[in-house]
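J.:
Residue numbers (our numbering), protein chains in the order written: chain U, 189 to 433; chain F, 342 to 1076.
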């Protein structure tokens, strides 16, 4: 079996020109509904006083964290971290659209898709990556600000880009999900804008977590269990009908 | 329990089901948190069903979301364009596409497209049309054009076109018809740049090379927002490699944000800045003496003329410190030949913009232009000569041109023209009255300054026909609209970049009854009795005739997307396509026409007390006036439609961030939301072009933002014919 991959985004804000081609590429690739986007470019509007100004643009998306809170929040296992390469993905068929993962993500990288009702977020264009292409946002990035690749491969563009350079993960004292986006600019210029916010339980959430969620989980378990029993029954009963050529 | 990876599960669902169904149920329950089975078991969780978009086939073609023409690989599924990617084999895309290029499929799938020929039924401008057949629409158009020709002469028909690959066929139509009145966007954009570089270097559209460049001066060339994919990428690459980029712009653009140095120069004084650089470089012997002696004429005259243009002289004019100008002159000359001052594109700013461009061309010549012999920064884009259908001579034209070329503007190249003058000639009826207007995918109502006057001119005409994709503002006033297929649905003539020749070809069938420009002009030509000028059977036949000299089959270029033509031999000595055969630092052509032979200072007008310079300039998400109805671009053009105003100027007028303000010029007024920013000179305001469409046929773009051409005043540069867009001065007050 091949070595496991360790996919990461490497982002160089110094190269981002805020053209937003990445956002359109992502929308075109995934046909996300109007008003919803899987990826962003944060802009901090010129800082300083005329004429001594600076401005930075910081691309961001799901960080495919090594310790993803969305995965632990998901009641059905629809959100999972793929063993083979570390991508955090969503199984749309298993997603029940409960929105727990949306609340759990400290980067607000998730949303509930208005058309499908399911959880949605950056999937690192896994289908393109599997076909040897770059994710749509990376492929189209004019400034070369967005890079993607396998950190376990020393020859990948991401390994080359970070070689000998300081990298910064968008974390803070409260939150460290070990995000797999490595920024090439120091935190004061960029990470501030993509810094995670700790999820303080609000009253509604508290109720959800202590009372409602266990009930929901039990209900799902019962439903699933019932279905599974019926399925097992069918599976063993109708052996020949299901045999594939 | 057996450890099973998801991949195995996906590969062999059935076997897994049979073997592990009980365990699977347990694992699924574990994922629900009912049983705590630990992470190892949890990983074998429920089946994960992942599906990404797939494509049935791919087509290699060319983008047309702007005029840079990037290579595109279009993916199609189920007969529908799914996704566009940049073609790595095209030198203009290098594998990338900008936001506009990525959004291109939404132009094809815009619900507001014109899909059938339309004929006006209501009053002109009422927007009431009925569907017609091609036969009827073309017959009627030809009948009207022949009536105008027979009654008033062919010169009574105005033609105008946007910059596109089928433009040569449109020009063929108007030349064969016999009208001298042809308007393009050029005088609203790059007349000053082209005229100055033709007169100085004999090159009309200089290409730029970035390899190894260490010092780049950008005079309002906002490459990070006025995006030319490959050039923007190359500039970013040079910046990342440490090149020193100086941006002269009264506004803190995204290019300024990336540059080493931003100089918020006073509008209209870039000429003084460059003259001062020239003065220092000559005065301190920093120029490339060998190049100047061998390849240029008029150096001594220049040295004499710029003697007084010192950094001390330029500092109060430009409001850039003397020491800064002096330092940049030194740094620029020291970096030579790996340095250049960008020749720009849109230079329609002030009536002195021609002189600014001359100074830039001369400055580049002084430091040598060529890093290596015969390998110049500035060279024409392509020298490939394609085949084509036989071309009979055009009828002789005796009528004067309505745009004043050459009788009023002797040095404006015929090809460039002075578009804004054509509109004014319709209104005055001088030197004669125009009766009809035929425009091809152009939108003069939005693009020309002083929108009210353009609408007035449109209302005065007897017949208006347009070729368009959506119901643009100008088409709204047309009598006949001929629907053109989008760039993803049609063929266009081939396009060469260097020695590589690219094809634009249909990715999908046209929607409705939209047709290619090649087809439309031929059909119209046939009805006008001009069939000899359109000797091709169909689009593919036209391209076959273009390919004929190279022996390349159409099928091959369709498959690969391009072919490589033989590279012409380079001649030994570098020559320049000017009257003297050299770089004309001093131009006898200019002198004879009564203009200064070398670049000299011309004072641009300043706004009177209480008024602002109204700046225009690109946003990275739109192209001119053509893309604002695109659903994908509307999603990403946030923060582009407000009026930029400096907080100091706002405070004096009691204006707060987000207030609605009234912007008034001599041409008109608009009301717009204000954005207070430190990123603009306190004596300037900025409004992005292209918003505030007036056509209700553009459901998404109608009245979204405001249209700056309602306030732009018409001023023309007497040398190049360029419209001076920044010479509009406005008051700003709370609405």
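For every residue, glycine included, the Cβ atom is placed at its ideal position computed from N, Cα and C.
#1: Counting contacts by CB-CB distance shorter than 8 Å, is residue 196 (chain U) in contact with chain F?
#2: Tell me residue 498 (chain F)'s beta-bridge partners as DSSP assigns them.
#3: Less than 8 Å separating the beta-carbons of residue 810 (chain F) and residue 454 (chain F)?
#4: According to DSSP, what are the bridge partners of residue 240 (chain U)?
#5: So, is residue 1044 (chain F) buried or exposed, given that buried needs 16 or more other C-beta atoms within 10 angstroms?
#6: Just checking: is the beta-carbon of residue 577 (chain F) within a distance shorter than 8 Å of some beta-carbon in chain U?
#7: What separation, rounded to the nearest whole angstrom, lies between the Cα atoms of residue 575 (chain F) and residue 212 (chain U)?
#8: Do residue 628 (chain F) and residue 707 (chain F) have their C-beta atoms closer together than 8 Å?
#9: Measure the CB-CB distance between residue 536 (chain F) and residue 752 (chain F) and report whether it falls below 8 Å.
#10: Note down the Cα distance separating residue 669 (chain F) from residue 618 (chain F), rounded to an integer number of angstroms.
#11: Let's test the definition: count the other Cβ atoms within 10 Å of the Cβ of residue 918 (chain F) and tell me whether it reaches 16, buried, or not, exposed.
#12: Quick one: give me the first and last residue of the beta strand (DSSP E) that residue 232 (chain U) is part of.
#13: Let me confirm a value: residue 491 (chain F) is counted as buried when at least 16 other C-beta atoms fall within 10 Å, else exposed. Which label applies?
#14: In chain order, what residues of the same chain lie with their CB nearer than 6 Å to the CB of residue 697 (chain F), ignoring the 5 residues before and after it?
#15: Quick check: the Cα distance between residue 824 (chain F) and residue 887 (chain F), rounded to an integer number of angstroms?
#16: With 9 Å as the limit, tell me which residues of the region 584-616 of chain F have their beta carbon closer than that to any beta carbon of chain U; keep them in chain order.
#17: Apart from the five residues on each side of it in sequence, which residues of its chain come closer than 7 Å, Cβ to Cβ, to residue 868 (chain F)?
#18: At a Cβ threshold of 8 Å, is residue 299 (chain U) touching chain F?
#19: So what does residue 245 (chain U) bridge to, in DSSP terms?
#20: Quick test of your reading: residue 903 (chain F) and residue 842 (chain F), contact by CB under 8 Å. State the CB separation rounded to the nearest angstrom.
#21: For residue 762 (chain F), which residues from the same chain have a beta carbon less than 6 Å from its beta carbon, with the 5 sequence-adjacent residues on both sides left out?
#22: Quick one: what does DSSP say residue 460 (chain F) is sitting in, helix, strand or coil?
#23: In chain order, which continuous runs of the beta strand (DSSP E) of length 3 or greater are located wholly inside the region 601-672 of chain F?
#24: Would you verify that the beta carbon of residue 1076 (chain F) is, or is not, closer than 8 Å to some beta carbon of chain U?
#25: Going straight from the alpha carbon of residue 1032 (chain F) to that of residue 262 (chain U), what length do you get?
#26: Contact between the region 520-528 of chain F and the region 547-558 of chain F is defined here as three or more beta-carbon pairs at a separation below 8 Å; is this criterion met?
#27: Identify the residues that DSSP records as bridge partners of residue 1025 (chain F): which are they?
#28: Between the Cα of residue 1056 (chain F) and those of F:1019, F:760, F:963, F:640, spot the shortest distance and give me the residue it belongs to.
#29: Run through chain U and tell me which residues come within less than 9 Å of residue 389 (chain F), C-beta to C-beta.
#30: To which residues does DSSP link residue 267 (chain U) through a beta bridge?
#31: Measuring only between beta-carbons, confirm whether residue 211 (chain U) sits less than 8 Å from chain F.
#32: So, residue 203 (chain U) versus residue 339 (chain U), is the Cβ gap smaller than 8 Å?
#33: Taking 8 Å as the threshold (beta carbon to beta carbon), is residue 437 (chain F) in contact with chain U?
#34: Can you tell me where the beta strand (DSSP E) with residue 836 (chain F) in it begins and where it stops?
#35: Contact defined as beta carbons within less than 8 Å: I believe residue 614 (chain F) pairs with residue 606 (chain F). What is the distance between those atoms, to the nearest angstrom?
#36: Quick one: Cα of residue 879 (chain F) to Cα of residue 502 (chain F), how far?
T.: Once the coordinates are examined:
#1: Closer than 8 Å: no.
#2: For residue 498 (chain F), which the question treats as bridged, DSSP gives the partners F:777.
#3: In this structure, residue 454 (chain F) lies closer than 8 Å to residue 810 (chain F) by Cβ.
#4: U:237.
#5: Exposed is the call here.
#6: Yes, its Cβ sits closer than 8 Å to a Cβ of chain U.
#7: Approximately 22 Å between the Cα atoms of the pair.
#8: Yes, the pair counts as a contact, with Cβ atoms nearer than the cut-off.
#9: In contact: residue 536 (chain F) and residue 752 (chain F) (Cβ atoms closer than 8 Å).
#10: A direct Cα-to-Cα measurement between residue 669 (chain F) and residue 618 (chain F) gives close to 8 Å.
#11: Taking all protein chains shown into account, residue 918 (chain F) has fewer than 16 neighbouring C-beta atoms within 10 Å of its C-beta and is therefore exposed.
#12: Segment: none, residue 232 (chain U) is in no beta strand (DSSP E) and carries neither H nor E.
#13: So residue 491 (chain F) ends up on the exposed side.
#14: The beta carbon of residue 697 (chain F) sits closer than 6 Å to the beta carbons of 611, 612 from its chain, once the five residues preceding and following it are set aside; these are given in chain order.
#15: Near 25 Å, if we compare the C-alpha coordinates of residue 887 (chain F) and residue 824 (chain F).
#16: Flagged, chain order: 593, 595, 596, 597, 598, 599, 603, 604, 605.
#17: For residue 868 (chain F), where only same-chain residues beyond five positions count, the Cβ hits under 7 Å are 479, 480, 483.
#18: With 8 Å as the cut-off, residue 299 (chain U) does not count as an interface residue toward chain F.
#19: Residue 245 (chain U) is bridged to U:231.
#20: At roughly 6 Å, the Cβ-Cβ gap stays under 8 Å, so residue 903 (chain F) and residue 842 (chain F) are in contact.
#21: Taken in chain order, the residues that qualify are 744, 745.
#22: Reduced to three states, the DSSP call for residue 460 (chain F) is strand.
#23: As for any beta strand (DSSP E) of minimum length 3 sitting wholly inside the region 601-672 of chain F, the runs are 602-604, ordered along the chain.
#24: Using beta-carbon distances, residue 1076 (chain F) does not count as an interface residue toward chain U, since no partner is under 8 Å.
#25: Between the C-alpha atoms of residue 1032 (chain F) and residue 262 (chain U) there is a straight-line separation of about 44 Å.
#26: Inter-segment contact for the region 520-528 of chain F and the region 547-558 of chain F is absent: fewer than three beta-carbon pairs are separated by less than 8 Å.
#27: As a beta-bridge residue in DSSP terms, residue 1025 (chain F) pairs with F:954.
#28: Just measuring C-alpha positions, the residue of F:1019, F:760, F:963, F:640 sitting nearest residue 1056 (chain F) is F:760.
#29: Chain U residues near residue 389 (chain F): 265, 266, 268, 270, 277, 278, 279, 281, 282.
#30: According to DSSP, residue 267 (chain U) bridges with U:278.
#31: Using a Cβ-Cβ cut-off of 8 Å, residue 211 (chain U) counts as an interface residue toward chain F, since at least one Cβ of chain F sits closer than that to its own.
#32: It is not a contact, given that the beta carbons lie outside the stated cut-off.
#33: Yes, because at least one Cβ of chain U sits closer than 8 Å to the Cβ of residue 437 (chain F).
#34: Run containing residue 836 (chain F): 836-838, per the beta strand (DSSP E) assignment.
#35: About 6 Å separates the two Cβ atoms, so the contact holds.
#36: The straight-line gap separating the alpha-carbon atoms of residue 879 (chain F) and residue 502 (chain F) is approximately 22 Å.
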